[in-house]
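**Student:**
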Amino acid sequence: MKKISIIIILSISVILSSCISYKDVEYKGIENFAIGNPLKEKMPIHLDIIINNPNNYNIKIKKAEFEIYINATKMGKSTLDRPITIEKNKTKSYPITIITSSKEIGKSLLSSFSLLMGKKMKLKIKGNLIAKAFGIRKKIKFNLDESINASQLLR
Numbered sequence: 066m067k068k069i070s071i072i073i074i075l076s077i078s079v080i081l082s083s084c085i086s087y088k089d090v091e092y093k094g095i096e097n098f099a100i101g102n103p104l105k106e107k108m109p110i111h112l113d114i115i116i117n118n119p120n121n122y123n124i125k126i127k128k129a130e131f132e133i134y135i136n137a138t139k140m141g142k143s144t145l146d147r148p149i150t151i152e153k154n155k156t157k158s159y160p161i162t163i164i165t166s167s168k169e170i171g172k173s174l175l176s177s178f179s180l181l182m183g184k185k186m187k188l189k190i191k192g193n194l195i196a197k198a199f200g201i202r203k204k205i206k207f208n209l210d211e212s213i214n215a216s217q218l219l220r
């Protein structure tokens, strides 16, 4: 009887573990980058991140902390303003609002020659996020690089 119980438990474990295989989520790009209107000492940055989730389950991003750079000039640290659910088996654009310091972002933008010339700028976002699926949490480091037009900042 004890051997049968162990065999059943092992069989269920193997079946469940094969159902929960993980494939890396793929970053596809950034679009619709814009700086919003200042709110007191805070400055919202709006952007859409295009992500492909090849898994058969949704992934929730509960928390993220990151630094934002434009042309290698640090614009500040920020956090995600709300949780995001990355939908299963789908490539989709997810709107995100990043809240940063209006003082830091103002200095960085004014000192950027590319902004004044309307040329392409290098946007870099690096940091950590906490993702969750099936009650399992994982801390993930990320580093996103994208070229954007300076005109996108002034919408």
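Heads up: the sequence shown begins at 66 in our numbering, then just goes up one per residue.
By construction, the Cβ of each residue, glycine as well, lies at the ideal position given by its N, Cα and C atoms.
These figures come from a predicted structure and were not determined experimentally.
Applying the 10 Å Cβ sphere with the 16-neighbour rule, what's the burial state of T165?
**Tutor:** Per the 10 Å Cβ criterion, buried.
**Student:** Do you know how far the Cα of K189 is from the Cα of K142?
**Tutor:** Roughly 12 Å separates the two Cα atoms.
**Student:** Determine the contact status of G94 and I126, defining contact as a CB-CB distance below 8 Å.
**Tutor:** The answer is no: Cβ separation not under 8 Å.
**Student:** In angstroms with no decimal places, state the Cα-to-Cα distance between E152 and M140.
**Tutor:** Going by the C-alpha atoms only, they are around 30 Å apart.
**Student:** Taking the Cβ atom as the reference point for each residue, do A198 and N123 lie within a distance shorter than 8 Å?
**Tutor:** Going by C-beta atoms, A198 is nearer than 8 Å to N123.
**Student:** Does DSSP put D146 in a helix, in a strand, or in coil?
**Tutor:** D146: coil per DSSP, three-state reduction.
**Student:** Counting only the same chain and skipping the five closest in sequence on each side, list residues whose C-beta sits under 6 Å from that of D210.
**Tutor:** Hits under 6 Å: K189.
**Student:** Do you know whose CA, among N214, I213 and N193, lies nearest N204's CA?
**Tutor:** In the sequence as presented, Asn is not what sits at residue 204; that position holds Lys. Residue N193 is the option with its Cα nearest to K204.
**Student:** My output table needs one value for F199: the three-state DSSP class, helix, strand or coil.
**Tutor:** Residue state, collapsed to three classes: coil.
**Student:** Since E96 and K191 are thought to touch, with beta carbons under 8 Å apart, how far apart are those beta carbons, to the nearest angstrom?
**Tutor:** Not a contact, Cβ separation roughly 19 Å.
**Student:** With DSSP as the reference, label G101 as helix, strand or coil.
**Tutor:** Reduced to three states, the DSSP call for G101 is coil.
**Student:** Measuring straight from C-alpha to C-alpha, what distance separates A129 and F207?
**Tutor:** Approximately 10 Å, taken between the alpha carbons.
**Student:** Indicate the three-state DSSP secondary structure (helix, strand or coil) for D210 in the structure shown.
**Tutor:** Here D210 sits in strand by DSSP.
**Student:** Going by C-alpha to C-alpha distance, which of P103, K155 and I213 sits closest to D89?
**Tutor:** Of the listed residues, the one whose Cα sits closest to D89 is K155.
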